[in-house]
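A.B. asks: One structure, pasted below without further comment.
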Amino acid sequence: MAAVVGHYNFWNITSEKALQDAWLTLENVKPLSATSSVLSIVMAPMIVLGNVLVLLAVWKDPLKKLRSSPSNFILVSMAIADLSVGLVVCPLTAYWGWVIFDKGTSPFDLSVIFAINVFSVNVSFGHMFLLTGDRLLAVVKPLQYRVIITNKRAVIASCVCWIYFLAFGCSFLMLRDYFAIMGAVYNVQLLSILLSMLIMYTVIMIRFHRYSKTRMNESIHSPNSLLVILKRERSLFKAINIVICAFLICYMPWFIVQMLIYLCKLCHPHLALLMIFFGFSGSLTYANSGLNPILYSWRLPKYRETFKYLWKNRASRVTVPKNKNSSEEVYDTKL
């Protein structure tokens, strides 16, 4: 790491040396580790709750609306990946930071954290890419969409995503002596996916705008139709902008810090400040797993209807006596 070792000849740096030079030698390593631990502890229950609700809605599926679409297979797979972030990655990061805060030494090799991180966090990121591609095909080729995107192909795509990032995560453990090289490949790979998603969202907005413009020309004498088209276009643009802003906020700080670590020789004197941003930007990538249920599931009408139905059916009839001798009254209460 250029900013860490102070020069560009760093490609053979091991994970042990990266941990020692980049983190453990910092004067403020203990408060930084404690902060990272607290952030992980705070985010874990929110990530778990949101994704458990998504999985529960699909498992129950009382309205029979959530198992028929191929995109739902991808959503369920992404929810499982995000759930693993809340159940495994966040607690493990919290434990790692707490041990450093308490004892001043790392409980295990840095490559272990990165391997688990690559497997869990980036499986979720990969599913975001798949969902973006799914929406792109729905807009670009609406007539062929149901032929191209089938349940079988959606399951295969999700499995490939899991297998690929599992293999890539394991490579961090097997190639720990080339930690900097693997880190560079990791960042280039995620940056490529991020840019691809931005391009696809741009194409979606352009194509839908053209479609809306055509429909508006056809419905020029129907004010009601014009309002419906404009409302749909604004709704789509708003949803896409929210999604784009969310994953830019969650991932771009991480990429920026990583690029400074790898390429900025002048950043070496400011290593402590760089590591502060490194810790917070890493936590933001975990936060994305808590936002995904809101951005990709809860905003869909069929999911909202299912959540409302499940919530209403939690209502039970509770018998509450006024006193010993009075008759019982029945109340409907929501648990």
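This note's numbering numbers the first residue of the sequence shown as 1 and each following residue consecutively. Every residue, glycine too, gets a C-beta built ideally from N, C-alpha and C.
Please state whether DSSP places K134 in a helix, a strand or coil.
C.D. replies: Working through the sequence shown from its first residue, we reach residue 134 at position 134. It should be noted that the sequence gives Asp, not Lys, for residue 134. Reduced to three states, the DSSP call for D134 is helix.
A.B. asks: Alpha helix (DSSP H) containing Y145: first to last residue?
C.D. replies: Indexing the sequence shown from 1 puts residue 145 at position 145. Per DSSP, Y145 belongs to the alpha helix (DSSP H) from Y145 to I148.
A.B. asks: Mind reading off the beta-carbon distance from M43 to G290? Whole number of angstroms is fine, and I expect it under 8 Å.
C.D. replies: Within the sequence shown, the letter at position 43 stands for residue 43. Within the sequence shown, the letter at position 290 stands for residue 290. A Cβ-Cβ distance of about 6 Å is found for the pair M43 and G290, placing them in contact under the 8 Å criterion.
A.B. asks: For I27, I'd like the list of residues in its chain whose CB is within less than 7 Å of its CB, leaving aside the five on either flank, ordered along the chain.
C.D. replies: Position 27 of the sequence shown, counted from the first residue, corresponds to residue 27. With the sequence shown as reference, residue 27 is identified as Glu, and Ile is not the correct amino acid for it. Correct list, in chain order: A272.
A.B. asks: Starting from the Cα of R304, find the closest Cα among S33, P31 and V54 and give me that residue.
C.D. replies: Within the sequence shown, the letter at position 304 stands for residue 304. The candidate whose alpha carbon is nearest that of R304 is V54.
A.B. asks: Using a 10 Å radius around the Cβ and a threshold of 16 neighbouring Cβ atoms, would you call Q144 buried or exposed?
C.D. replies: Here residue 144 refers to the residue found at position 144 when the sequence shown is read from its first residue. Per the 10 Å Cβ criterion, exposed.
A.B. asks: Helix, strand or coil for S69, going by three-state DSSP, please let me know.
C.D. replies: By one-based count along the sequence shown, residue 69 stands at place 69. Coil at S69, not helix or strand.
A.B. asks: State the start and end residues of the unbroken alpha helix (DSSP H) segment that holds E27.
C.D. replies: Within the sequence shown, numbered from 1, the residue matching residue 27 stands at position 27. No alpha helix (DSSP H) holds E27; DSSP gives it neither H nor E.
A.B. asks: Return the residue from the list K312, N313, S297 and R314 that minimises the CA-CA distance to V58.
C.D. replies: If you number the sequence shown from 1, residue 58 lands on position 58. Of the candidates K312, N313, S297 and R314, the one whose C-alpha sits nearest the C-alpha of V58 is S297.
A.B. asks: Just how far apart, CA to CA, sit N313 and C90?
C.D. replies: Looking up residue 313 in the sequence shown gives position 313. Looking up residue 90 in the sequence shown gives position 90. If I take the Cα positions, the gap works out to 33 Å.
A.B. asks: Could you tell me which of Y286, K213, T35 and F307 sits nearest to F101, measuring between CA atoms?
C.D. replies: The residue you call residue 101 lines up with position 101 of the sequence shown. Of the candidates Y286, K213, T35 and F307, the one whose C-alpha sits nearest the C-alpha of F101 is T35.
A.B. asks: At what residues does the alpha helix (DSSP H) containing R304 begin and finish?
C.D. replies: Residue mapping note: residue 304 aligns to position 304 of the sequence shown, counting from 1. Unbroken alpha helix (DSSP H) run through R304: P301 to K312.
A.B. asks: Which ranges would you report for the beta strand (DSSP E) in the segment 96-127 if only whole runs of at least 3 residues count?
C.D. replies: Taking only runs of at least 3 residues, no beta strand (DSSP E) segment lies wholly in the segment 96-127.
A.B. asks: Does at least one heavy atom of the ligand ADP sit under 7 Å from the Cβ of S68?
C.D. replies: Absence of the ligand ADP from the depicted structure is noted, as is the absence of any ligand whatsoever, leaving it without description.
A.B. asks: Sorted by chain position, which residues of the same chain lie with C-beta nearer than 6 Å to I206's C-beta, five sequence neighbours on each side aside?
C.D. replies: Taking the first residue of the sequence shown as 1, we reach residue 206 at position 206. Once the five neighbours on either side are set aside, I206 has no close Cβ partner at all.
A.B. asks: Exposed or buried, which one is C250 when buried takes at least 16 other CB atoms within 10 Å?
C.D. replies: For the purposes of this step, residue 250 is taken as the residue at position 250 of the sequence shown. That one is buried.
A.B. asks: If you follow the alpha helix (DSSP H) that C264 is part of, which residue opens it and which one closes it?
C.D. replies: Taking the sequence shown and counting its residues from 1, one reaches residue 264 at position 264. That residue, C264, is in no alpha helix (DSSP H); it is neither H nor E in DSSP.
A.B. asks: Is L356 helix, strand or coil when you go by DSSP?
C.D. replies: Nothing about residue 356 can be read from this structure; the chain reaches only from 1 to 335.
A.B. asks: Between which residues of its own chain and L137 is the CB-CB distance below 7 Å, once the five residues before and five after are set aside?
C.D. replies: Position 137 of the sequence shown, counted from the first residue, corresponds to residue 137. Here the set comprises Y145, I148 and I149.
A.B. asks: Rounded C-beta distance between S336 and A79? I'm assuming under 8 Å.
C.D. replies: Outside the shown range of the chain, which is 1 to 335, sits residue 336, and nothing can be said about it.
A.B. asks: Given this structure, state the Cα-to-Cα distance separating K302 from L295, to the nearest angstrom.
C.D. replies: Within the sequence shown, residue 302 is the residue found at index 302, counting from 1. Within the sequence shown, residue 295 is the residue found at index 295, counting from 1. So the two alpha carbons sit approximately 14 Å from each other.
A.B. asks: Quick one: is I113 buried, meaning 16 or more other Cβ sit within 10 Å of its Cβ, or exposed?
C.D. replies: Residue mapping note: residue 113 aligns to position 113 of the sequence shown, counting from 1. Classification of I113: buried, given that the 10 Å Cβ count is 16 or more.
A.B. asks: Check whether the Cβ atoms of L275 and L32 sit closer than 8 Å, and answer yes or no.
C.D. replies: As a first step, residue 275 must be located in the sequence shown, where it is residue number 275. As a first step, residue 32 must be located in the sequence shown, where it is residue number 32. Per the sequence shown, the amino acid found at residue 275 is Met instead of Leu. Yes, Cβ-Cβ distance for M275 and L32 is below 8 Å.
A.B. asks: If T214 sits next to W254, beta carbons under 8 Å apart, how far is it from one beta carbon to the other, in whole angstroms?
C.D. replies: Sequence index remark: in the sequence shown, residue 214 carries index 214 (1-based). Sequence index remark: in the sequence shown, residue 254 carries index 254 (1-based). Not really, about 40 Å apart at Cβ, beyond 8 Å.
A.B. asks: Can you tell me whether K213 is helix, strand or coil according to DSSP?
C.D. replies: Along the sequence shown, one-based indexing puts residue 213 at 213. Residue state, collapsed to three classes: helix.
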